[in-house]
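Chemist:
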Amino acid sequence: MTRITRRQFHGSVLAAAAAATLPTFARAKTAPLLNAREGSARLAPAEYPETRIWGYDGTVPGPALRARQGERMTKSFRNDLPQASSVHWHGIRIENGMDGVAGLTQPAVEPGEEFLYDFALPDAGTYWYHPHNLTYEQMARGLYGALIVEENEGAPDVDLDEVLLIDDWRLTDDAQIAEGFGNMHDWAHGGRIGNWITVNGNGRWSREVAHHTRMRLRLVNTANARIFTLEARGLQGWVVALDGMPLEAPQPLGELTLSPAQRADLIVDVVAGIGEEAFLVSFERDGGYAIAAFPVAGVARQTRLSAPGALPPNPVPVLGSLETAARAELRMEGGAMGSMRGAMMGGRMMGMRDMAVEGKVWAFNGMADMGDTPLLDARLGETVRIAMINDTAWPHGMHLHGHHFRRIGVGGRLGPLRDTILMNRGETVEIVFVADNPGDWLLHCHMLEHSAGGMMTWLRVA
Ligand code: C2O
Ligand code: CU
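Numbering (the numbering used here), first residue to last: 48 to 509.
Here you go:
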C-alpha cells in the first residue's frame, strides 16, 4: 500500500475532476498497451516447476495480434523489464521510424517508459514481433508474439487457422531459463542452441481435429539459433506462403527447413484416420520428435477438398533490370573453425583474441561492428543486388529489414519473396529487391548470438 497524504489526495481528485470536463485526445496512453514484463509459463511437463519468463503481457508467446491488410496497428509499448527494450515488427514493410531497432531507428525504451508504435500493414500474411535490444537475451527469455495480417479478399477456405510459434529453450534441471547469454562458445559456434522445444510455449502442444479437416498452419521459428527441419505425418498439403509472402503457386509439402525468423504458411488436410494422431515432426540429430499433435476425432467430410489456389499477391514493387541494378558485396567471416584472423572494430584493427574480449567474433567485410557508413546507399526505388558470401564454417539466416527480396538463382531464375534466407557454410547467395522504403535498414544474421557477435550491417535508402 502506498500512503497518500491529504494534500496529494486533494490534488488527484481535482485533477480527475478537471480531466472529466476536457475533450479527449488520442494520446500514447490511450492506445492499447503491449506490456513487456516478467511472468511465468508452463513450458515443461507438470512434474517440473513453472518457468520464470519475460513475456509480452507476461505470457509466452505474447498476445497474437491480428488485423486486416491495409489497417493500422497501434500499440503503446510499455517496458516493465529490468532492461531497456524495443519492439521490432519482423517482416512488415514498415515506415522506418516504427521498425523498432534500438540505436538505429529509435532510442531503446528504458524500464518504466512507453513508446507508441503506430504503423500501416501493407501486406497480408504471417509476421511476428520481438525485441531489438539485447535481443539474444530477451528472446531467449520468451519475448515474442505473432502478428497476423488477414487477407481482405481471397483468403483460403479452411476449417481451422492455427499459428504455431516454434521455440527452442535452454532450461536448467529445474526448468528455469539458463543464464549465460553471453557465452562466447555459443557465439562463435552455432549460437545458443537449447534443450527443450515448445510450440506456443507448450512442450506438448496438441489440437483435436477431424478426418479431412483443412487447416492453415502458420509456422514461425522464434528460436535464437536453432534451424528446424520439419515434416508432417498424417497431414498432406501445400506450402502457400514463405515469410508472409504468397507463393505464385502452392508447392506440395515435403521436408521444410526454417531458419530462425523464417515463416511458412501451410494448407494441409488431415489424412490420419479416426483414433489416430497427425503430427508435425522436428528432425534433430538423434531422430524425429513430434512437436505438435493433432488427435483425430470425427469426420469433417467424406472426401478431401480440392487443391487450394494461390493466396492473393501482396503489393510488392516490381523488380527493375538485374543488369543495371546497384550492387554490393557482403563477405561473412569469423566464428570457430573459420579463417578470420582479425577485423576492424571501433576504427582500428583488432586480432581475434582481443575481439572476443569485446564480444565480437564475426565480421562483415572485415568490420566487426556496425560502422558509421552503410553497406550501400540506394536511391529510392532503385533495384539493388547484394551478393552475400558465407566464408565461415556455419550456416546463417540473413534478414533484411523493411523489404522483401528474391534470391537470384542459376541462370537468373528468381526465388520466392523472403525477408530471411538460410545460407549454408561456404555458400554464396545473391539477393535482389527494390529499395522503395526510405530510411536506414538493418541487414543481419538472425542467429541472435551471431548478430550480437558482429554479423550486423545496414543500408540507407534515401
Ligand atoms: Cu527479426 Cu533484425 O530482426
Ligand atoms: Cu549467423
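Glycine included, each C-beta is placed from N, C-alpha and C at the ideal position.
Since we're looking at a predicted model, the values are computed, not measured.
Classify Y336 as buried or exposed, calling it buried when 16 or more other Cβ atoms lie within 10 Å of its own Cβ.
Modeler: For this step, residue 336 is matched to residue 289 along the sequence shown. It counts as exposed.
Chemist: According to DSSP, what are the bridge partners of I224?
Modeler: Start at 1 with the first residue of the sequence shown, and residue 224 comes out as number 177. Note: I224 sits in a beta bridge opposite L218.
Chemist: Alpha carbons only, please: which of T276, P463, A193 and M402 is nearest the one belonging to V107?
Modeler: Along the sequence shown, read from residue 1 onward, the residue named residue 107 stands at position 60. Taking only the C-alpha atoms, the option nearest V107 is A193.
Chemist: For E302, name the three-state secondary structure that DSSP assigns.
Modeler: Translated into positions along the sequence shown, residue 302 becomes position 255. DSSP places E302 in coil when its eight states are reduced to three.
Chemist: Is L264 helix, strand or coil when you go by DSSP?
Modeler: Start at 1 with the first residue of the sequence shown, and residue 264 comes out as number 217. Strand, per DSSP.
Chemist: How would the residue list near the ligand C2O read, in chain order, if you kept each one whose beta-carbon is closer than 6 Å to any heavy atom?
Modeler: Checking every Cβ against the heavy atoms of the ligand C2O under 6 Å gives H135, H137, H177, H179, A308, H446, H448, L489, H491 and H493.
Chemist: How many angstroms separate the CA atom of E302 from the CA atom of M397?
Modeler: Indexing the sequence shown from 1 puts residue 302 at position 255. Indexing the sequence shown from 1 puts residue 397 at position 350. When rounded, the distance between both Cα atoms is 42 Å.
Chemist: Can you tell me whether M502 sits near the ligand CU, meaning its C-beta is under 7 Å from at least one heavy atom of the ligand?
Modeler: Taking the sequence shown and counting its residues from 1, one reaches residue 502 at position 455. Yes, the Cβ of M502 comes within 7 Å of a heavy atom of the ligand CU.
Chemist: Among V205, S253, N361 and D204, which residue has its Cα nearest to the Cα of G211?
Modeler: Taking the sequence shown and counting its residues from 1, the one referred to as residue 211 is at position 164. First, the amino acid is wrong: residue 211 is Leu here, not Gly. The option with the nearest alpha carbon to L211 is S253.
Chemist: Nearest CA to the CA of M262: which residue from F341, E198, I244 and T276?
Modeler: The residue given as residue 262 occupies position 215 in the sequence shown. Among F341, E198, I244 and T276, the Cα nearest to that of M262 is on F341.
Chemist: Thinking C-beta only, is L80 closer than 8 Å to Y103?
Modeler: Working through the sequence shown from its first residue, we reach residue 103 at position 56. Working through the sequence shown from its first residue, we reach residue 80 at position 33. Contact flag unset, no.
Chemist: Classify D466: buried if its beta carbon has 16 or more other beta carbons within 10 angstroms, exposed otherwise.
Modeler: As a first step, residue 466 is located in the sequence shown; it is residue number 419 there, counting from the start. Result: buried.
Chemist: For the candidate residues D220, D424 and A272, whose alpha-carbon lies nearest to that of A91?
Modeler: Reading the sequence shown from its first residue, position 44 is the one you call residue 91. For the residues D220, D424 and A272, the minimum Cα distance to A91 belongs to D220.
Chemist: Under three-state DSSP, which class holds T276?
Modeler: What you label residue 276 is simply residue 229 of the sequence shown in a count that begins at 1. It is a strand residue.
Chemist: Does the beta-carbon distance from L207 to T260 come in below 8 Å?
Modeler: Counting from 1 along the sequence shown, the entry for residue 207 is found at position 160. Counting from 1 along the sequence shown, the entry for residue 260 is found at position 213. Their beta carbons are under 8 Å apart, which means L207 touches T260 by this criterion.
Chemist: For the 8 Å Cβ check, are there 3 or more pairs between the stretch 471–482 and the stretch 426–440?
Modeler: The stretch 471–482, when compared against the stretch 426–440, does touch it at the 8 Å Cβ threshold.
Chemist: How big is the Cα-Cα spacing for L163 and W216?
Modeler: As a first step, residue 163 must be located in the sequence shown, where it is residue number 116. As a first step, residue 216 must be located in the sequence shown, where it is residue number 169. Straight-line Cα distance between these residues: approximately 30 Å.
Chemist: Taking 8 Å as the CB-CB cut-off, is E142 touching chain D?
Modeler: Protein chains in the displayed structure number just one, and chain D is not present.
Chemist: Would the beta-carbon of H258 be found less than 7 Å away from any heavy atom of the ligand CU?
Modeler: Here residue 258 corresponds to residue number 211 of the sequence shown, with the count starting at 1. No, since every heavy atom of the ligand CU falls outside the 7 Å radius drawn around the Cβ of H258.
Chemist: Is it true that the CB of R239 sits closer than 8 Å to the CB of A187?
Modeler: Position 140 of the sequence shown, counted from the start, is the residue given in the question as residue 187. Position 192 of the sequence shown, counted from the start, is the residue given in the question as residue 239. Yes, Cβ-Cβ distance for A187 and R239 is below 8 Å.
Chemist: The beta strand (DSSP E) spanning R125 covers which residue range?
Modeler: As a working mapping, residue 125 is identified with position 78 in the sequence shown. Element bounds for R125: R119 to N126.
Chemist: Which residues does DSSP list as the beta-bridge partners of Y103?
Modeler: Position 56 of the sequence shown, counting from 1, holds the residue named residue 103. Answer is A83 and T106.
Chemist: CA-CA distance, P70 and P485?
Modeler: Translated into positions along the sequence shown, residue 70 becomes position 23. Translated into positions along the sequence shown, residue 485 becomes position 438. Note on P70: pLDDT 42, under 50, position unreliable in the model; the coordinate value appears next. P70 and P485: Cα-Cα distance of roughly 36 Å.
Chemist: Run through the stretch 142–210 for me and flag every whole alpha helix (DSSP H) of 4 or more residues, listed as ranges in chain order.
Modeler: Counting only runs of 4 or more, we get 182–185.
Chemist: Could you check the C-alpha separation between G456 and T269 for me, to the nearest Å?
Modeler: If you number the sequence shown from 1, residue 456 lands on position 409. If you number the sequence shown from 1, residue 269 lands on position 222. Their backbone Cα atoms lie some 27 Å apart in a straight line.
Chemist: For the ligand CU, any of its heavy atoms closer than 7 Å to the Cβ of W234?
Modeler: The residue you call residue 234 lines up with position 187 of the sequence shown. Checking every heavy atom of the ligand CU against the Cβ of W234, none is found closer than 7 Å.
Chemist: Going by C-alpha to C-alpha distance, which of E323, P359, R115 and F330 sits closest to V343?
Modeler: One-based indexing of the sequence shown puts residue 343 at position 296. Here the closest residue by C-alpha is E323.
Chemist: Suppose contacts are defined by Cβ-Cβ distances below 8 Å. Is D312 in contact with V287 by that definition?
Modeler: Reading the sequence shown from its first residue, position 265 is the one you call residue 312. Reading the sequence shown from its first residue, position 240 is the one you call residue 287. Taking 8 Å as the Cβ cut-off, D312 and V287 qualify as a contacting pair.
Chemist: Less than 8 Å between the CB atoms is what I'm expecting for A83 and S132, so what's the real figure, rounded?
Modeler: As a first step, residue 83 is located in the sequence shown; it is residue number 36 there, counting from the start. As a first step, residue 132 is located in the sequence shown; it is residue number 85 there, counting from the start. Indeed they touch by this definition, with Cβ atoms about 6 Å apart.
Chemist: Note down, in chain order, each residue of its chain lying with its Cβ closer than 6 Å to the Cβ of A257, except the 5 sequence neighbours on either side.
Modeler: As a first step, residue 257 must be located in the sequence shown, where it is residue number 210. Once the five neighbours on either side are set aside, the close Cβ partners of A257 are G345, V346 and A347.
Chemist: Taking only heavy atoms of the ligand CU into account, decide whether any of them is closer than 7 Å to the Cβ of W285.
Modeler: In the sequence shown, the residue the question calls residue 285 occupies position 238. No; taking the cut-off as 7 Å, the Cβ of W285 has no heavy atom of the ligand CU nearer than that.
Chemist: So is the beta-carbon of W441 under 7 Å away from any non-hydrogen atom of the ligand CU?
Modeler: Looking up residue 441 in the sequence shown gives position 394. Indeed, a heavy atom of the ligand CU lies less than 7 Å from the Cβ.
Chemist: What span of residues does the alpha helix (DSSP H) with H232 cover, start to end?
Modeler: Here residue 232 refers to the residue found at position 185 of the sequence shown. H232 -> alpha helix (DSSP H) spans M231 to A235.
Chemist: Output the boundary residues of the alpha helix (DSSP H) element that contains A499.
Modeler: Indexing the sequence shown from 1 puts residue 499 at position 452. Looking at the DSSP string, the run of the alpha helix (DSSP H) that includes A499 is L495 to A499.
Chemist: Using a Cβ-Cβ cutoff of less than 8 Å, which residues in the same chain neighbour V421 once the five nearest sequence positions on both sides are dropped?
Modeler: Here residue 421 is taken as the residue at index 374 of the sequence shown, counted from 1. In the sequence as displayed, the identity of residue 421 is Pro instead of Val. Correct list, in chain order: D487, T504, W505, L506 and R507.
Chemist: What's the C-alpha gap between W175 and G389?
Modeler: Within the sequence shown, numbered from 1, the residue matching residue 175 stands at position 128. Within the sequence shown, numbered from 1, the residue matching residue 389 stands at position 342. Going by the C-alpha atoms only, they are around 35 Å apart.
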